[in-house]
Amino acid sequence: MTAPTDFFASFSTTDDALVLASVSSPAELELLNDWLKTHRKEHPDSSIEVLQLPEDGEPSPGVLASLVEELEADQDRLVVPVRVFWVPAGLPTRLKLVGLISGRDTYRPPEILQRRILRKDPSRARVVAGEPAKVSELRQQWSENTVAENPREFARFVLRRAVLAIERVELRLLGPEYKSPRLVKPEMLDSARFRQGLEQIPGATVEKAGEMLDELSTGWSRFSVDLIPTLGRAIFSRGFDPRIDYDRAEIESMRHALETHPAVLLFSHRSYLDGVIVPVAMQENRLPPVYTFAGINLSFGLMGPLFRHSGVIFIRRKLDDPLYKYVLRQYVGYIVEKRFNLNWSIEGTRSRTGKMLPPKLGLLSYVADAYLDGRSDDILLQPVSISFDQLHETAEYAAYARGGEKTPEGLKWLYSFIKAQGDRNYGKIYVRFPEAVSMRQYLGEPHGEMAHDEAAKRLAMQKMAFEVAWRILRVTPVNATGLVSALLLTTRGTALTLEQLHHTLQDSLDYLERKNTPVTNSALRLRTLDGVRSAVDALSNGHPVTLVDGGREPVWRIAPEDELEAAFYRNSLIHAFLETSIVELALVHAAHAEKDPLQAFWTQVMRLRDLLKFDFYFADSAAFRENVTEEMSWHDNWEKHISAGGEEIFQLLRAKRPLIAGAMLRPFFEADEIVADVLRDAPAEISEKELTKRALGVGRQYVAQGRVRSNESVSALLFATARQVAADQNLLTPAPDLTSRRKDFLREIRRILSDMDKVEHIARDRFFTEERRRRQLLEGG
Numbered sequence: 001m002t003a004p005t006d007f008f009a010s011f012s013t014t015d016d017a018l019v020l021a022s023v024s025s026p027a028e029l030e031l032l033n034d035w036l037k038t039h040r041k042e043h044p045d046s047s048i049e050v051l052q053l054p055e056d057g058e059p060s061p062g063v064l065a066s067l068v069e070e071l072e073a074d075q076d077r078l079v080v081p082v083r084v085f086w087v088p089a090g091l092p093t094r095l096k097l098v099g100l101i102s103g104r105d106t107y108r109p110p111e112i113l114q115r116r117i118l119r120k121d122p123s124r125a126r127v128v129a130g131e132p133a134k135v136s137e138l139r140q141q142w143s144e145n146t147v148a149e150n151p152r153e154f155a156r157f158v159l160r161r162a163v164l165a166i167e168r169v170e171l172r173l174l175g176p177e178y179k180s181p182r183l184v185k186p187e188m189l190d191s192a193r194f195r196q197g198l199e200q201i202p203g204a205t206v207e208k209a210g211e212m213l214d215e216l217s218t219g220w221s222r223f224s225v226d227l228i229p230t231l232g233r234a235i236f237s238r239g240f241d242p243r244i245d246y247d248r249a250e251i252e253s254m255r256h257a258l259e260t261h262p263a264v265l266l267f268s269h270r271s272y273l274d275g276v277i278v279p280v281a282m283q284e285n286r287l288p289p290v291y292t293f294a295g296i297n298l299s300f301g302l303m304g305p306l307f308r309h310s311g312v313i314f315i316r317r318k319l320d321d322p323l324y325k326y327v328l329r330q331y332v333g334y335i336v337e338k339r340f341n342l343n344w345s346i347e348g349t350r351s352r353t354g355k356m357l358p359p360k361l362g363l364l365s366y367v368a369d370a371y372l373d374g375r376s377d378d379i380l381l382q383p384v385s386i387s388f389d390q391l392h393e394t395a396e397y398a399a400y401a402r403g404g405e406k407t408p409e410g411l412k413w414l415y416s417f418i419k420a421q422g423d424r425n426y427g428k429i430y431v432r433f434p435e436a437v438s439m440r441q442y443l444g445e446p447h448g449e450m451a452h453d454e455a456a457k458r459l460a461m462q463k464m465a466f467e468v469a470w471r472i473l474r475v476t477p478v479n480a481t482g483l484v485s486a487l488l489l490t491t492r493g494t495a496l497t498l499e500q501l502h503h504t505l506q507d508s509l510d511y512l513e514r515k516n517t518p519v520t521n522s523a524l525r526l527r528t529l530d531g532v533r534s535a536v537d538a539l540s541n542g543h544p545v546t547l548v549d550g551g552r553e554p555v556w557r558i559a560p561e562d563e564l565e566a567a568f569y570r571n572s573l574i575h576a577f578l579e580t581s582i583v584e585l586a587l588v589h590a591a592h593a594e595k596d597p598l599q600a601f602w603t604q605v606m607r608l609r610d611l612l613k614f615d616f617y618f619a620d621s622a623a624f625r626e627n628v629t630e631e632m633s634w635h636d637n638w639e640k641h642i643s644a645g646g647e648e649i650f651q652l653l654r655a656k657r658p659l660i661a662g663a664m665l666r667p668f669f670e671a672d673e674i675v676a677d678v679l680r681d682a683p684a685e686i687s688e689k690e691l692t693k694r695a696l697g698v699g700r701q702y703v704a705q706g707r708v709r710s711n712e713s714v715s716a717l718l719f720a721t722a723r724q725v726a727a728d729q730n731l732l733t734p735a736p737d738l739t740s741r742r743k744d745f746l747r748e749i750r751r752i753l754s755d756m757d758k759v760e761h762i763a764r765d766r767f768f769t770e771e772r773r774r775r776q777l778l779e780g781g
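Residue numbers (the UniProt record's numbering): 1 to 781.
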């Protein structure tokens with residue numbers, strides 16, 4: 001902190017100062033008078049005038065008139081903002097909570113307690129002064145940034161500058177985690193930039209814009225900085241380890257980056273807990289707070305005021321009002337210009353399948369506009385990976401996949417959500433902050449070409465968003481829950497012993513180690529029998545693993561009704577095995593090629609990438625091909641073996657570990673098959689709702705007949721993506737050859753599934769061969 005005397009150290013003996021003192025209680029006034037007495041004694045020849053202001057709220061007309069007169073008196077006079085700073089301690093929580101909901105300063109003790117506090121501990125309060133500025137400098141800033149001309153408006157501008165100057169001093173005392181936007185509405189409404197844009201909107205008024213800003217405005221009260229992370233930790237600690245797992249090097253790298261540029265934190269979204277975890281992560285690592293966008297449907301009851309004073313910006317679901325869109329865009333620009341950090345889900349909503357959804361660009365376009373308008377020389381897009389060992393919400397997601405409806409939010413819903421966290425032990429929470437993406441790198445210089453080329457800007461934003469998602473995936477650690485779920489889903493309900501689980505998991509662990517894929521401690525412990533037992537015990541009792549006990553030895557399985565929950569966990573790690581799964585399918589395809597098997601291999605690799613692009617994130621085409629080449633280089637003379645075709649390719653497959661394509665990709669291609677089958681005799685322009693309804697019916701029939709392998713393929717969520725695949729293949733628009741092309745697509749998907757059957761057959765043969773050998777060794781011993 002800068003000591004109070006520092007602000008007068010540069011005074012000459014004839015300098016004058018106008019002290020704007022925000023004090024309103026007798027105890028604070030005594031502190032102010034003592035402070036003034038000291039400085040007047042140090043500068044006896046200087047004129048130090050004092051204008052007392054209220055601690056909160058608008059000054060009275062008389063005080064405002066006095067300030068106008070003082071500002072007109074001398075353009076070279078220094079204006080020095082002063083306030084009494086109360087060191088945080090010991091105010092009863094009930095009083096702080098009332099203050100939080102009302103929006104009052106929750107660190108300032110009530111007047112009735114102030115003298116008693118100071119008698120016991122005089123160090124609890126001190127007078128602090130913000131950086132002074134000359135009246136002439138303030139007047140120039142006013143004329144450059146506002147459209148106002150009235151002297152009273154200049155006085156109000158000076159008061160706002162004074163508040164912000166004091167806030168900067170107090171921030172140095174409290175720490176960056178207490179940084180919060182102040183005076184948003186008056187500064188924006190007085191801004192020349194804002195008024196000019198407002199004039200271009202038919203029917204827009206300053207009053208209507210102000211009402212919308214009231215709806216949007218948020219902040220972090222000082223108590224909420226302490227309370228909300230504490231409440232958040234109390235909520236998730238009911239079922240999770242209270243210690244979030246971080247990468248400390250990532251934390252320090254992000255801390256350094258946030259010191260120089262504003263950032264948008266874009267997190268992966270699997271649970272409503274994500275909105276709680278990000279503030280906790282920022283607060284306990286002493287990082288600046290974030291301002292989180294949320295749907296206005298979450299502003300219910302007392303939660304609305306509570307969230308508004310806890311960094312939540314409620315936005316309307318429909319942005320069809322031109323004035324609202326303009327106000328929101330300008331609000332985002334103001335936030336980043338003032339170097340505050342925004343926060344929302346890159347996917348726009350929770351993933352109910354466990355895998356990352358495509359990025360949403362709506363809010364990101366507003367941030368891009370703010371950058372291109374020159375409101376910051378760069379804005380960082382900070383990826384945030386949030387992952388869990390387990391989640392209680394998987395039961396809800398499974399119901400939704402079967403065609404169920406989303407539960408509306410409300411107080412009853414909130415109570416049930418918090419209560420559910422205590423149902424059982426859900427393990428650990430993992431938060432990772434990979435390197436940020438620079439907006440300047442993708443959009444060029446502010447005011448550059450992309451400011452006037454909407455198509456180029458949108459393409460650049462898509463690339464930025466995909467890079468953010470790709471970085472999230474690369475740092476998300478693979479956990480034991482996902483690995484065990486993936487393995488047991490392949491057995492189609494058949495139970496495995498502890499030794500069988502342990503033995504089979506080693507190939508996947510070897511692969512992850514070879515690829516330097518980040519894994520959790522729970523995954524590392526799968527190297528041991530005890531670690532496997534801990535993992536299946538944590539997932540037992542139908543969450544989603546079932547323990548069958550009471551026989552010669554315990555065995556574990558996933559029952560058909562629990563497959564969709566298990567699929568959520570399996571889907572969270574597919575990205576780590578995606579390329580190797582594609583390789584397996586392409587090898588079988590090449591083995592049946594009539595000519596040039598190597599070319600057939602590469603053609604199928606890229607075709608599979610294209611068919612899966614709506615389900616998963618991929619590196620760009622060149623990098624993806626390099627990754628596949630690296631994967632194949634683990635096999636000696638692999639190109640020669642593939643070129644030989646037939647049996648030599650199958651020898652490669654038999655030697656490959658793990659063989660995992662069926663475990664990772666079967667549900668997605670089976671969903672494609674069901675949708676393609678429905679399209680055979682469906683109208684050309686069938687609606688999404690009707691297509692999903694038919695696909696659910698056909699899917700249930702095929703499960704009953706054994707024509708698809710598992711219940712998880714029959715999912716409204718997977719059918720939505722399968723419809724995107726069909727649309728991408730031009731199968732949802734009228735055309736003369738539409739029927740034949742739909743049939744060709746169905747045949748192609750079925751060939752891929754047939755190739756997958758071959759991979760699984762080789763994997764099963766190897767499993768049973770090794771199992772026989774293992775039992776023979778045990779019996780022989």
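Note that the Cβ used here is the ideal one computed from N, Cα and C, for glycine as well.
So for residue i, helix, strand or coil by DSSP?
i           : result
L539        : coil
Q382        : strand
K515        : coil
residue 801 : The question about residue 801 has no answer, for the chain in this structure spans 1 to 781.
W634        : coil
T546        : strand
L183        : coil
P87         : For clarity, residue 87 is Val in the given sequence; the question names Pro instead. DSSP places V87 in coil when its eight states are reduced to three.
P4          : With a pLDDT of 41 at P4, under the threshold of 50, the modelled position of this residue cannot be trusted, and the question is left open.
L53         : strand
R104        : Only weak support exists for where R104 lies, its pLDDT of 48 falling under 50; the coordinates are left without a value.
V708        : coil
F300        : coil
V332        : helix
V478        : strand
From the DSSP secondary-structure annotation, give me the bridge partner or partners of residue i.
i    : result
I313 : F293
D16  : S47
P81  : L20
K134 : L78
Y430 : D245 and S387
S191 : T146
S438 : L380
Beta strand (DSSP E) containing residue i: first to last residue?
i    : result
N341 : N341 to S345
F616 : No beta strand (DSSP E) contains F616, which DSSP labels as neither H nor E.
R557 : V555 to R557
A263 : A263 to F267
R126 : A125 to A129
Roughly how many angstroms lie between the CA atoms of residue i and residue j, to the nearest whole one?
i           : j    : result
V158        : I48  : 18 Å
residue 796 : R657 : Outside the shown range of the chain (1 to 781) lies residue 796, about which nothing can therefore be said.
D765        : Q651 : 13 Å
N297        : R607 : 41 Å
V225        : E284 : 10 Å
S271        : E70  : 55 Å
P383        : A716 : 29 Å
H447        : S376 : 11 Å
A263        : V536 : 40 Å
I166        : R83  : 7 Å
A401        : D562 : 12 Å
Using a 10 Å radius around the Cβ and a threshold of 16 neighbouring Cβ atoms, would you call residue i buried or exposed?
i    : result
R709 : buried
V206 : exposed
V87  : exposed
V548 : exposed
Starting from residue i and walking both ways along the alpha helix (DSSP H), at which residues does that stretch end?
i    : result
A495 : Taken as a continuous stretch (DSSP letters only), A495 belongs to no alpha helix (DSSP H), as it is neither H nor E.
H589 : I574 to A591
Would you check whether the ligand GDP has a heavy atom nearer than 8 Å to the C-beta of residue i?
i    : result
W602 : Annotation note on the ligand GDP: not contained in the displayed structure, which lists no ligands.
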